[in-house]
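> Sharing a structure, written as structure tokens. Questions coming.
Protein chains: 2
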Amino acid sequence: MSHQQALTKYIAAFITELVKNGVEDVVVSPGSRSTPMAMVMAEHPDLQVHIHVDERSAAFFALGMAKGTKRPVAILCTSGTAAANYYPAIIEAFYSRVPLLVFTADRPHELRDIGAPQAIDQIQMYGKNVKWFAEMAPPENAASMINYVRTTAVRAVATAKRNPAGPVHLNFPFREPLIPDLNDPEIFHSSSREEKYMTVSSSFLTVDDARFDTMAQTVSTYKKGLIICGPMDDADLSHKIVELGKVLQFPIIADPLSQLRSGRHEQSQIIDAYDAILKSETAKVELQPELIIRFGAMPVSKPLLLFMKQYPETRQLIVDGGGGFRDPSLLSTDMIYCDEKQFCEELTLRANARQENDYLTLWQDVNDVAKSEMVKVLEIEQLNEGKIFAQLGQLLPEEATIFVGNSMPIRDLDSFYFGNNKSMRILGNRGANGIDGTISTALGVAMHAQPLYLIVGDLTFFHDLNGLIASKLYHIPITVIVINNNGGGIFSFLPQSEHPKHFELLFGTPLNIDFSHSVTMFGGDYIKVEDWQQFSEAIETETSHLKVIEVMTNRENNVREHRNLWESVSREIDKRIKDED
Amino acid sequence: MSHQQALTKYIAAFITELVKNGVEDVVVSPGSRSTPMAMVMAEHPDLQVHIHVDERSAAFFALGMAKGTKRPVAILCTSGTAAANYYPAIIEAFYSRVPLLVFTADRPHELRDIGAPQAIDQIQMYGKNVKWFAEMAPPENAASMINYVRTTAVRAVATAKRNPAGPVHLNFPFREPLIPDLNDPEIFHSSSREEKYMTVSSSFLTVDDARFDTMAQTVSTYKKGLIICGPMDDADLSHKIVELGKVLQFPIIADPLSQLRSGRHEQSQIIDAYDAILKSETAKVELQPELIIRFGAMPVSKPLLLFMKQYPETRQLIVDGGGGFRDPSLLSTDMIYCDEKQFCEELTLRANARQENDYLTLWQDVNDVAKSEMVKVLEIEQLNEGKIFAQLGQLLPEEATIFVGNSMPIRDLDSFYFGNNKSMRILGNRGANGIDGTISTALGVAMHAQPLYLIVGDLTFFHDLNGLIASKLYHIPITVIVINNNGGGIFSFLPQSEHPKHFELLFGTPLNIDFSHSVTMFGGDYIKVEDWQQFSEAIETETSHLKVIEVMTNRENNVREHRNLWESVSREIDKRIKDED
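Heads up: the sequence lines are chains Z and H, in that order. Residues 2 to 582 in our numbering are what the first sequence spells out, letter by letter. Residues 2 to 582 in our numbering are what the second sequence spells out, letter by letter.
Put into structure tokens, the structure is as follows:
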């Protein structure tokens, strides 16, 4: 059998097995060394090949698809720095637990470390940021090697998917000639084990009954209990948490990415204004908790973290079915490695049901007070940042997906986006919280989730501007709201802003560019809105491709407006609590 | 002493020492965790701080400055994926031996691996692609810690500079509060060792006299000897190689990045059409070498590599003062770790001088034949790719710097850019040969080398389009020639092109975008030339900022024209050699 046929059989066996294990999408960046795999992938009838010239955007685009569909998505590139461009998205996938299959083509062993062109050391090049790395054997067609490559495909998919999901890296050495033999009509046919080569059981972490009993007893003991939900994306889990909350009569603090602020579930116990509430010293004293049960990653709110740190004696349970250690407060008392849904079910059954709870009522009261102040942002007539987020619940349609940028937008969403009964899904890149790759990630999500609204600041928009090309090439509809305060708005809220000497150089960083040019280049509609009427209209008009709505704001006004609102929340909470005394 | 003062003293001592050791430029990407170092850097009167929002472009921009000036340049970013965006440029710096100081801010130890925001594992995150990694101690002001941080600064600079130069990574854990104390006027004053803390000797690799004698004897033995010069950038070395070549009467094969094709040195022995020559089977037979002496990295020419491989018995000396192993032919017989200039001097002294050499004459003859065919590209009236490169020597001014993109442009430069007496410097990213970061690298070079001409294909231009912002923000003049064949032109020369089924999807990859929008956004002049008259005018007009000249070409015509020229070179060589028989 020729080199070409062996190469083809080996790769085809691998691809076949990937597809049988649920991989539907691959993002390929053009290159020479990756030719055999790219061509076999393109040949497979059930694998969708997306081309992305910039590997950084390509990887984020794949991350978005994987995040949106919860299926592993593959990326493929050639040797050299191409592979290094994947690094930011791989890290994000690792920390946000998104299944990603990273395939890099490499020179074969005899062309490594000897100055051959485009040859770098790709062995474990992503360090600890992948769940599994394997240096693949050079392609061969012996039965044992076909078993090996099929096993590896099954294992790669299973490893990427297993909780905590994450990236897996396989490095493929390919020798020239690189052209596969696509003439064989049986290329994707396996002579043995025609279905999957093997299965990997879908398992989960759990604890024994005695431990469930103890935990149920514990949570029943405390009246001042809080459930805190960070970023998570499982509608089923959301419902089970709400049920547990109901039995315990605990308030449920819902991060904007917890999927608990909007949806058809019972909302009465959801606390969505905690970020503003916990800036009030009075509230922090009155609302002291005795017990905290945490689900999901750490919420974005800094006041919430400071509140938790203020009471180091609080019993704090962290439930993590992924077996991680997500406690930047360093104050947790019980780390519970157990499937979150099972935990909720078991405790809902075993805990002593309460009929009412003053602590919950107090939270509900101050939450209402805080919200009634925060919504006053809607009264501001000039364009401003908070009001954008306060209007989303009303303006966006049922089943919309919101993708929110890091830095200020996620914080403004936290501050101004309040509960509603629309089924909306809200996603962001909260693994490593970077501003990079945001457009590409959102477009990846948009591949399988429509309509999609991306909200970003101008620096984040700039960072991944080229990512917009996917919308043009693949006709992906997306509405992008760019909040343009000409620079790094978040720093105006930080202590840096009190040191004017180097502030504008190092932190303000105005770009002074007119994004309309770029939007036009990528075939999009660009709308710079001048007032709220135009904003609503721009949002509500349906789009079949790229639409960018730019809202110009002012960094200084923005800080002032935020602080005014937060101060009035604190003032009103003070009043309310003193009235009750 | 407060945390703030200790933080400031520690960082200021570090920065002071960097500057004393020759660091003049730092590229900072905005972020919060890096605040203390960014602010102290901005405060130092002798350190130039450049801001670049996109860390990928930032790192390439620094790489360009370091490449252009041969001085170490520093980059600084915040924690998280920001640091991962540096990876492509770090790899390029490692393989192309460019001194780069990579400073990443990190969360302190107590905030690592516990789900804190923007915290990833930054320890050795660039793997084997840096020369040295150090996890820095948390800032303290004890005398021993100031000695430590000053020593580390000296060592980092020395390590980055030492042959082979390369990147060094220091990871700095910073605790809040992050604001340094800039009120102290003595911040950059050292109480001890006011000059440099210490020096590191500037040493080089050498061999003993006996070995120089043996080598001189060896090279004198062979008449059919070839000197092959790959990418290198040292005018002094160029002259010494020419002198050695003269004594030995060996032809000097000069890669376009060897700095030997243009300049005021004696050019008679420089062979610049070898890429076309060595496509001729006749030439490959007639020109069989007995000895090869190689300097610099491996040249770009594939025909040259195949020619070397055709004669595995050739004695092949590789001279590498950096102690690497740059031999993808795997046929070298003598790896000589010796400073290249010293090697040339010693052998020039010790070797037996020849008066003439038939082998040289034959190379000179076929070189003339080949060139007289290749320059016929100038007769083609329609816009085409080869003619762009054939005109550069004439159109560009003395002291111009050319930065050439990878993929086709470097190969076309090899094919069509012939010797001339102008002092022009030609640079490219030939460490890992990526198409990423090319605009930013060129702009970095342009900071200290004017006028600068960048020549890239459309995919390379697209890959780093955002890098153009540095030209706008820092008013860096640059002339960019974009050869737009709407996709990956190089693949039309490769075997992939014979398999049309998936070709356009996977390799053609047309972007169909009009770059003029982007050029306008970044404040540049955009000129789409329609004929050669417009092309010359566009090149010759001086510019004080960004100028982009777009030349539209056609991938299929391009392959045909190249092949026609190469075939006529082979035909004419055949004729010449038969005439002589």
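Glycine included, each C-beta is placed from N, C-alpha and C at the ideal position.
With contact counted as at least three CB pairs below 8 Å, one residue from each stretch, are the stretch 192-208 of chain H and the stretch 297-305 of chain H in contact?
no
> On the three-state DSSP scale, how would you describe G226/H?
strand
> Closest by CA to A354/Z, which one among L227/Z, V248/Z and D122/Z?
V248/Z
> When Cβ atoms are compared, which residues of the stretch 518-540 of chain H fall closer than 9 Å to chain Z?
Listed by position along the chain: H518, S519, V520, T521, M522, F523 and G524.
> Is T79/H helix, strand or coil by DSSP?
coil
> Just confirm the distance between the C-beta atoms of G445/Z and E93/Z, as a whole number of angstroms; I'd bet it's less than 8 Å.
Not confirmed; about 12 Å, so no contact.
> For P502/H, go through chain Z and note every residue whose CB falls closer than 9 Å to its CB, in chain order.
A quick correction: the sequence has Lys, not Pro, at residue 502/H. Residues of chain Z passing the Cβ test: M40, A43, E44 and L183.
> Of the residues T222/H, P165/H and E44/H, which one's Cα is nearest the Cα of G323/H?
P165/H
> Express the C-alpha separation of G489/Z and A409/Z in angstroms, rounding to a whole number.
Checking the displayed sequence, the identity of residue 409/Z turns out to be Met instead of Ala. Cα to Cα, M409/Z sits roughly 9 Å from G489/Z.
> Since K129/Z meets chain H, which of its residues come closer than 8 Å, beta carbon to beta carbon?
Neighbours of K129/Z on chain H, chain order: D122.
> Taking only beta carbons into account, state which residues of the stretch 45-69 of chain H come closer than 8 Å to chain Z, listed in chain order.
V50, I52, V54, D55, E56 and R57
> Does any C-beta atom of chain Z lie closer than 9 Å to the C-beta of T542/H?
no
> So what's Y454/Z in DSSP terms, helix, strand or just coil?
strand
> Just reading off the alpha helix (DSSP H) that E314/Z is part of, what are its end residues?
Per DSSP, E314/Z belongs to no alpha helix (DSSP H) and is neither H nor E.
> Just grab the DSSP bridge partners of F49/H for me.
Strictly speaking, residue 49/H in this sequence is Gln, with Phe absent from that position. Residue pairing from DSSP places Q49/H in a beta bridge opposite D26/H.
> Give me the subset of the stretch 76-107 of chain Z whose CB atoms are less than 7 Å from a CB atom of chain H, sorted by chain position.
The stretch 76-107 of chain Z vs chain H, Cβ under 7 Å: G81, T82, A83, A85, N86, Y88, P89, I92, E93 and Y96.
> Counting only runs of 3+ residues fully inside the stretch 216-297 of chain H, write out the beta strand (DSSP E) ranges in chain order.
226-230, 253-255 and 292-296
> Measuring only from the beta carbon, is E347/H closer than 8 Å to any heavy atom that is part of the ligand ATP?
As presented, the structure is devoid of all ligands, the ligand ATP included, so that no description of it is given.
> Identify whether G499/Z lies in helix, strand or coil by the three-state DSSP scheme.
Note on residue identity: the sequence assigns Glu, not Gly, to residue 499/Z. Three-state result, E499/Z: helix.
> In the stretch 68-123 of chain Z, which residue ranges form an unbroken beta strand (DSSP E) of at least 3 residues, counting only runs that do not cross its ends?
Every beta strand (DSSP E) stretch that sits fully inside the stretch 68-123 of chain Z and reaches 3 residues is listed by chain position as 74-78 and 101-107.
> I'd like the ranges of any alpha helix (DSSP H) spanning at least 4 consecutive residues and lying wholly in the stretch 333-415 of chain H.
341-351, 359-375, 386-391 and 393-396
> Which term fits P100/Z, buried or exposed, when burial requires 16 or more other beta carbons within 10 angstroms of its beta carbon?
buried
> T442/Z lies in the alpha helix (DSSP H); which residues open and close that run?
First-last of the alpha helix (DSSP H) with T442/Z: T439 to A447.
> Checking the sheet assignment: what are the DSSP bridge partners for P168/Z?
L101/Z
> List the endpoints of the continuous alpha helix (DSSP H) containing D328/H.
Note, D328/H: premise wrong, no alpha helix (DSSP H); not H, not E.
> Is the number of C-beta pairs between the stretch 213-221 of chain Z and the stretch 67-76 of chain Z that are closer than 8 Å three or more?
no
> Comparing the C-beta of G116/H with each C-beta of chain Z, is any distance below 9 Å?
yes
> Given that G325/H touches chain Z, what residues does it touch there, using C-beta distances under 8 Å?
G116
> When the Cα of D26/H is compared with those of H563/H, L64/H and Y88/H, which residue comes out closest?
Sorting H563/H, L64/H and Y88/H by C-alpha distance to the C-alpha of D26/H places L64/H at the top.
> Tell me the DSSP bridge mates of A135/H?
According to DSSP, A135/H bridges with L171/H.
> Anyone know if the C-beta pair for G231/H and D256/H falls short of 9 Å?
yes
> Shortest alpha-carbon distance to L361/H belongs to which of Q250/H, H464/H and Q451/H?
Q250/H
> Alpha carbon to alpha carbon, how far is F523/H from Q392/Z?
33 Å
> Could I get the ranges of all uninterrupted beta strand (DSSP E) runs contained in the stretch 470-527 of chain Z, with 3 residues as the minimum, in chain order?
479-485
> In this structure, what does DSSP give as the bridge partners for L428/Z?
F404/Z
> When DSSP builds the beta bridges, which residues end up paired with M40/H?
The partner list for M40/H (beta bridge, DSSP) is empty, contrary to what the question assumes.
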